[in-house]
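Heads up: the structure comes next, in structure tokens.
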């Protein structure tokens with residue numbers, strides 16, 4: 001990912017902090033949003049994992065149970081550095097699943113088991129509940145502690161009402177996924193298998209989206225209507241082409257009922273038009289190593305909301321130098337997009 005800092009909608013923060021000092025400082029809980037049937041050929045497990053990646057949990061489940069890797073599914077990839085509760089499904093028609101008791105409970109703790117008729121599909125859970133503890137929270141140089149904490153309170157109020165720019169987080173890019181993607185597109189290296197291929201393609205696509213969003217944050221239009229916008233209906237994947245003479249757009253944007261979108265690059269023409277399409281194409285022309293390559297891999301043009309609503313936002317200061325945050329985000333979005341607006345942070349990602 002580019003080393004250029006992504007612009008903030010609220011300007012430079014006045015606080016700095018350490019993030020993910022301990023695994024328990026970052027906790028996320030998948031909220032399914034629906035109930036399992038209680039019967040069927042798929043065994044669903046709610047697992048609390050600590051300090052291990054989602055894919056490594058799946059691999060351990062396969063080894064412990066003797067099931068194939070393809071028999072194990074999950075909805076969302078969760079951070080390795082943290083305490084994350086998420087769901088997995090195991091395809092085991094007509095038989096009990098043995099071997100689960102042998103899993104290391106301090107790393108992989110099974111909290112619930114329930115049968116269901118369907119497998120767990122990617123992105124199928126409803127939301128993610130985050131609980132984050134920031135440590136060594138101090139005012140940046142030249143700012144008094146009183147002013148910094150007052151500024152934080154203001155930022156939290158604005159974010160609760162207006163959301164934040166929906167940037168893809170640092171986790172999306174890994175340590176070198178974007179540079180590896182660039183080398184791949186330039187014929188200098190090849191991915192090792194489907195997983196690496198997918199990560200590199202996702203990093204390239206995400207970088208283009210972030211660059212478009214950054215432009216709109218800079219010009220103040222990330223949460224406003226621009227001629228030619230494609231809008232996202234809040235709480236859904238539905239998008240629609242906006243019309244300049246639609247007088248309800250401004251009110252619906254203010255009410256968080258709709259959000260402007262940006263491109264997830266791929267085959268086909270941009271669905272945006274006018275000034276929006278011009279900005280998006282200008283970014284693509286500056287990043288041709290990515291925009292020219294992505295359509296070759298079968299990815300279709302899609303849209304993603306530029307704005308991320310932040311629900312049930314709350315905070316506590318349990319002791320000096322510590323800040324605890326709690327909030328809920330839609331699937332496929334990043335808690336670091338919220339932290340980005342609140343403070344300068346450093347730590348394991």
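Numbering (the UniProt record's numbering), first residue to last: 1 to 349.
The C-beta atom is built at its ideal place from N, Cα and C for all residues, glycine as well.
Can you tell me which residues form a DSSP beta bridge with residue i?
{"i": "residue 80", "result": "Beta-bridge pairing links residue 80 to no other residue."}
{"i": "residue 302", "result": "264"}
{"i": "residue 412", "result": "Nothing in the structure corresponds to residue 412, since the chain is present only between 1 and 349."}
{"i": "residue 16", "result": "138 and 344"}
{"i": "residue 165", "result": "307"}
{"i": "residue 45", "result": "88 and 113"}
For residue i, collect the residues of the same chain with a Cβ closer than 8 Å to its Cβ; drop the 5 residues on either side in sequence, then sort them by chain order.
{"i": "residue 87", "result": "30, 32, 44, 45, 46, 47, 74, 75, 120 and 125"}
{"i": "residue 233", "result": "239, 240, 257 and 258"}
{"i": "residue 97", "result": "43, 65, 67 and 90"}
{"i": "residue 287", "result": "207, 208 and 211"}
{"i": "residue 356", "result": "Here the chain comprises residues numbered 1 to 349, so residue 356 is not present and cannot be evaluated."}
{"i": "residue 62", "result": "68, 69, 71 and 72"}
{"i": "residue 202", "result": "172 and 177"}
Label residue i either buried or exposed according to how many other C-beta atoms from any shown protein chain fall within 10 Å of its C-beta, with 16 as the threshold for buried.
{"i": "residue 39", "result": "exposed"}
{"i": "residue 34", "result": "exposed"}
{"i": "residue 37", "result": "exposed"}
{"i": "residue 269", "result": "exposed"}
{"i": "residue 340", "result": "buried"}
{"i": "residue 317", "result": "exposed"}
{"i": "residue 321", "result": "exposed"}
{"i": "residue 13", "result": "buried"}
{"i": "residue 253", "result": "buried"}
{"i": "residue 112", "result": "exposed"}
{"i": "residue 187", "result": "exposed"}
{"i": "residue 195", "result": "exposed"}
Return the first residue and the last residue of the alpha helix (DSSP H) that residue i is part of.
{"i": "residue 194", "result": "193–218"}
{"i": "residue 159", "result": "145–162"}
{"i": "residue 177", "result": "177–185"}
With a threshold of 7 Å on Cβ separation, who are the neighbours of residue i within its own chain once the five nearest residues in sequence on each side are excluded?
{"i": "residue 3", "result": "Since pLDDT at residue 3 reaches only 49, below the 50 mark, its modelled position is unreliable, and no value is offered."}
{"i": "residue 180", "result": "189 and 200"}
{"i": "residue 215", "result": "279 and 283"}
{"i": "residue 266", "result": "294, 295, 299, 300, 301 and 302"}
{"i": "residue 336", "result": "169 and 170"}
{"i": "residue 227", "result": "244, 274, 275 and 276"}
{"i": "residue 7", "result": "214, 217 and 218"}
{"i": "residue 107", "result": "49, 50, 51 and 52"}
{"i": "residue 11", "result": "none"}
{"i": "residue 136", "result": "17, 18 and 321"}
With a threshold of 6 Å on Cβ separation, who are the neighbours of residue i within its own chain once the five nearest residues in sequence on each side are excluded?
{"i": "residue 20", "result": "26, 81, 347 and 348"}
{"i": "residue 345", "result": "17, 19 and 339"}
{"i": "residue 231", "result": "240, 242 and 258"}
{"i": "residue 185", "result": "289 and 293"}
Between residue i and chain D, is there a C-beta pair that is closer than 8 Å?
{"i": "residue 269", "result": "Any reference to chain D falls outside this structure, which holds one protein chain only."}
Whole beta strand (DSSP E) elements within the segment 223–274, 3-residue minimum: 230–233, 239–241 and 258–264, all fully within the segment 223–274.
In chain order, each beta strand (DSSP E) run of at least 3 residues that lies wholly inside the segment 47–122: 72–74, 83–91 and 108–116
Complete beta strand (DSSP E) runs within the segment 287–341 (minimum length 3 residues, chain order): 302–305, 311–316 and 323–330
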